Amino acid sequence: MTSDDEGRPGRLPGAAGPGRAPFAHRAPAPDATAHRAPAPAPDAGSASAPDAVTCRGLRYAFGETRAVDGVDLSVRPGEVFGLLGPNGAGKTTAIRCITTLLSVPAGMVRVFGHDAAKERMAVRRLLGYVPQQLSADAGLTGRENVALFARVFDVPRRERAARVAQALAAVGLTDAAGRLANTYSGGMVRRLELAQALVSAPRLLMLDEPTIGLDPIARTSVWEHINAVRAATGMTVLVTTHYMDEADQYCDRVALMHHGRIRALGTPDELRAALSARRRAARTAAPPTAPGTPTPTPAPAASPASAVSPSAAPSRSSDAAPTLEDVFRDVAGSGLDEQSGDFRDVRSTRRTAHRVG
Amino acid sequence: MSEAPAAPHTASAEPATGAGRLDLLLVPPRARAGWQVLPARVVAMCVVELQKLRHDRTELYTRAVQPALWLLIFGETFTRIKAIPTGGTPYIDFLAPGIIAQSAMFIAIFYGIMIIWERDAGILTKLLVTPTPRAALIAGKSFAAGVKALIQAVVVIVFAALLGVAMTWNPLRLLAVAVAVVLGSAFFSCLSMSIAGIVLTRDRLMGIGQAITMPLFFASNALYPVSVMPGWLQTVSKINPLSYQVDALRGLLLGTHAHLALDFTVLTAAAALGIAAAASLLGRLAR
Ligand SMILES: Nc1ncnc2c1ncn2[C@@H]1O[C@H](COP(=O)(O)OP(=O)(O)O)[C@@H](O)[C@H]1O
Ligand SMILES: [Mg+2]
Numbered sequence: 001m002t003s004d005d006e007g008r009p010g011r012l013p014g015a016a017g018p019g020r021a022p023f024a025h026r027a028p029a030p031d032a033t034a035h036r037a038p039a040p041a042p043d044a045g046s047a048s049a050p051d052a053v054t055c056r057g058l059r060y061a062f063g064e065t066r067a068v069d070g071v072d073l074s075v076r077p078g079e080v081f082g083l084l085g086p087n088g089a090g091k092t093t094a095i096r097c098i099t100t101l102l103s104v105p106a107g108m109v110r111v112f113g114h115d116a117a118k119e120r121m122a123v124r125r126l127l128g129y130v131p132q133q134l135s136a137d138a139g140l141t142g143r144e145n146v147a148l149f150a151r152v153f154d155v156p157r158r159e160r161a162a163r164v165a166q167a168l169a170a171v172g173l174t175d176a177a178g179r180l181a182n183t184y185s186g187g188m189v190r191r192l193e194l195a196q197a198l199v200s201a202p203r204l205l206m207l208d209e210p211t212i213g214l215d216p217i218a219r220t221s222v223w224e225h226i227n228a229v230r231a232a233t234g235m236t237v238l239v240t241t242h243y244m245d246e247a248d249q250y251c252d253r254v255a256l257m258h259h260g261r262i263r264a265l266g267t268p269d270e271l272r273a274a275l276s277a278r279r280r281a282a283r284t285a286a287p288p289t290a291p292g293t294p295t296p297t298p299a300p301a302a303s304p305a306s307a308v309s310p311s312a313a314p315s316r317s318s319d320a321a322p323t324l325e326d327v328f329r330d331v332a333g334s335g336l337d338e339q340s341g342d343f344r345d346v347r348s349t350r351r352t353a354h355r356v357g
Numbered sequence: 001m002s003e004a005p006a007a008p009h010t011a012s013a014e015p016a017t018g019a020g021r022l023d024l025l026l027v028p029p030r031a032r033a034g035w036q037v038l039p040a041r042v043v044a045m046c047v048v049e050l051q052k053l054r055h056d057r058t059e060l061y062t063r064a065v066q067p068a069l070w071l072l073i074f075g076e077t078f079t080r081i082k083a084i085p086t087g088g089t090p091y092i093d094f095l096a097p098g099i100i101a102q103s104a105m106f107i108a109i110f111y112g113i114m115i116i117w118e119r120d121a122g123i124l125t126k127l128l129v130t131p132t133p134r135a136a137l138i139a140g141k142s143f144a145a146g147v148k149a150l151i152q153a154v155v156v157i158v159f160a161a162l163l164g165v166a167m168t169w170n171p172l173r174l175l176a177v178a179v180a181v182v183l184g185s186a187f188f189s190c191l192s193m194s195i196a197g198i199v200l201t202r203d204r205l206m207g208i209g210q211a212i213t214m215p216l217f218f219a220s221n222a223l224y225p226v227s228v229m230p231g232w233l234q235t236v237s238k239i240n241p242l243s244y245q246v247d248a249l250r251g252l253l254l255g256t257h258a259h260l261a262l263d264f265t266v267l268t269a270a271a272a273l274g275i276a277a278a279a280s281l282l283g284r285l286a287r
């Protein structure tokens, strides 16, 4: 228990301590410090090559509900970009606009330079998409599920079997490939869906809540496979999640979304540093307990783990790095209160995750 | 808890070994030329249908019960009564093509429910993000319905033959029978998928499906010749594609007088229209 909690201060920027160590292999480079760097040079390439995804004033409404309300973002080639936000923030709707599932006016969404409104087929050929629900066909085997997507992406017959086998191997399902998908566990179905998405060699992998409802071990496993594949192929990953800790660990950059709008965008370190700076500024300008300064909610005292966690230690709040969740509370402002149930869920899930490993 | 940090490492060994053989996953497959997309998607959907049938044949057996009962009870009885003027052919012979068409239609009508189920399960969503035009996806689904109906038709034909129905074994005629079954099923599955695109929920579609299948069946020449129907029913029967399918099957299997050219023209047009209608309504399901 204690070793996990000592790991939490490892979230401090610059102190890539023991808390990071289990995930250091996410990048091909052996050194743990380089694990945040996107696969290609972030600035050199962006001038000439088009962004993986560009959204300009993206809007989508279901009747009166403005699910996505003016989103501007660009995902750079090769990075893992996280779209974060509580349930109902509009993440899925944004993803569905980018995948061409929901039609948007021309000029709002581009994928590697192709307009999602005018060049649907070209966009779809570049995409691997895993929707929020578990979507493998239960009446088919794992191999047949993947082979279907090889067929609909025009993989020629002579290379189909080999390609399907590689996709299944990439997610560690070689042994289970002949079994019906209805015998798979939730984590296995997620990995199978990953294989379905990978078989067409997409340049952009779009994952909508890939770890929702999975147990901690399965969550880690799904992320490990995503990272291993990304390291091997250099593909861009756009992922949505409401697990802030996952985004912190695995995403190069994140956008915090709330009520259909992006409230903050940057690397997790940048966002936390910015919040620290804001807090410092607020402290120098006003007494430490200034109203309006978001104070982290103390976790229930029943859990001994929370006693030493940085977010629950007010005495250290001056120099302790805030978590992404703190950043989110800060930028989301007042409207977050009615959503607080989500965050409690995230907290408890995170605690479980730390307990199990 | 001391072993906790080690767990991710052991898990990572798996993808690490797999990562060495990812070379094919780096190269996107070449897109097929425009005209090849439609047949390729139809084949893909039909393969899936056959794979599913191979894993679970219960539906094949349960769906064989109803046509068997129709032939055995209704067919045998009315053959004896001789109440229906069939122009010399024994009634059970007259009935067999009608029952083939009926069982194919029942299978096809189920496809609307299936597509809603696939929408809810995310399967359809994912297919809609592949380079598959909506019309090609619907065509694929409708021909998959045709393949399933065809297997059902084989079961009914064998059963009818066992009951002593004298049918043709001419391979060319049987091929034409297969085409008629597939076209008819394509139309009825598209009808059902179109309604699915309008009503959007499984419960509503289930009710509508039940409400329309029997009238479609009775308002056709499947059970009795058009000539014995009242005038208004004859009109309904004339716009019912099932009548044309039954007419073609009867002509091909029994060698009775049929309007084969008209039948196949109507069936082809109906299937094409159905695919267009269902494809244009598919967007509502995707939303
Ligand atoms: N098909 C739909 N019809 C009507 N409203 C929808 C639909 N899908 C999503 N919404 C609404 O749009 C908003 C954003 O939803 P969603 O994009 O699913 O959020 P998230 O994925 O972040 O949880 C919510 O208020 C939701 O109720
Ligand atoms: Mg969602």
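For the protein sequence lines, the chains are A and B, in the order given. The numbering of the first sequence is UniProt numbering, which starts it at 1 and goes up by one. The numbering of the second sequence is UniProt numbering, which starts it at 1 and goes up by one. Glycine included, every Cβ here is placed at the ideal spot set by N, Cα and C. From a predicted model like this one, the values you see are computed outputs, not experimental measurements.
By the CB criterion at 8 angstroms, Lys141/B and Gly139/A fall outside the cutoff. Using a Cβ distance threshold of 8 angstroms, Val171/A and Ala147/A do not count as a contacting pair. Near ligand 1, meaning a Cβ closer than 5 angstroms to any of its heavy atoms, lie the following residues in chain order: Phe62/A, Thr65/A, Ala67/A, Asn87/A, Gly88/A, Ala89/A, Gly90/A, Lys91/A, Thr92/A and Thr93/A. Buried is the label assigned to Lys91/A, since at least 16 other Cβ atoms lie within 10 Å of its Cβ.
Under a criterion of Cβ atoms nearer than 7 angstroms, the residues of chain B adjacent to Glu159/A are, in order, Leu24. DSSP places His225/A inside the alpha helix (DSSP H), whose first and last residues are Pro216 to Thr233.
Per DSSP, the beta-bridge partners of Leu207/A are Val130/A and Val239/A. When C-beta distances to chain B are compared with 9 angstroms, the residues of the stretch 80–111 of chain A below that value are Arg96, Thr99, Thr100, Leu101, Leu102 and Ser103, in chain order.
Nearest CB-CB separation between Tyr60/A and chain B: not below the 8 angstroms threshold. DSSP places His258/A in the uninterrupted beta strand (DSSP E) bounded by Arg253 to His258.
With a beta-carbon spacing of about 11 angstroms, Val229/A and Val80/A fall beyond the 8 angstroms limit used to define contacts. In the three-state DSSP reduction, Arg204/B falls in the helix class (H, G or I). Shown here, Asp72/A sits in a strand according to DSSP, grouped into three states. Note that the stretch 119–135 of chain B does not touch the stretch 165–178 of chain B; fewer than 3 beta-carbon pairs, one per stretch, sit closer than 8 angstroms. Only Ala31, Arg32, Gln36, Val37, Ala40, Arg41, Val43, Ala44 and Met45 from the stretch 31–45 of chain B bring a Cβ to less than 9 angstroms from some Cβ of chain A. Note that the C-beta distance between Val177/B and Leu252/B is below 8 angstroms.
Among the residues facing chain B, Arg230/A is not included, as its CB has no counterpart in that chain under 8 angstroms away. Beta-bridge annotation (DSSP): Arg110/A is paired with Thr54/A and Asp115/A.
The beta carbons of Leu249/B and Ala180/B sit closer together than 8 angstroms. Chain-ordered, the chain B residues with CB closer than 7 angstroms to the CB of Gly139/A read Lys52, His55 and Asp56. Burial is judged here by how many other beta carbons sit within 10 angstroms of a residue's own beta carbon; Asp72/A has fewer than 16 and is exposed. Ranked by how close their Cα comes to the Cα of Asp137/A, the residues Ile95/A, Tyr184/A, Gly260/A and Gly78/A have Tyr184/A in first place. In the three-state reduction of the DSSP assignment, Gly213/A falls in the coil class. Taken from the Cβ of Gln133/A, every heavy atom of ligand 2 lies 7 angstroms or farther away. In this structure, DSSP gives Arg179/A a state outside helix and strand, which the three-state scheme calls coil.
If you draw a 10 Å sphere on the C-beta of Asn227/A, you find 16 or more other C-beta atoms in it, and that means buried. Uninterrupted beta strand (DSSP E) stretches at least 3 residues long and entirely within the stretch 108–194 of chain B do not occur. Residue-level contact by beta carbon holds for Gly122/B and chain A, with a gap shorter than 8 angstroms.
For Arg287/B, the closest Cβ of chain A is nearer than 8 angstroms. Beta-bridge analysis with DSSP links Phe62/A to Thr65/A. Straight through space, the alpha carbons of Cys55/A and Leu60/B are spaced by roughly 49 angstroms. Under the three-state reduction of DSSP, Leu285/B is assigned to helix. Taking 7 angstroms as the cut-off, the C-beta of Asp69/A does not count as close to any heavy atom of ligand 2. Only residues of its own chain outside the window of five on either side were considered, and among them Ala248 and Gly251 have a CB closer than 7 angstroms to the CB of Leu260/B, listed in chain order. At a cut-off of 8 angstroms between C-beta atoms, Ser276/A does not count as an interface residue with respect to chain B.
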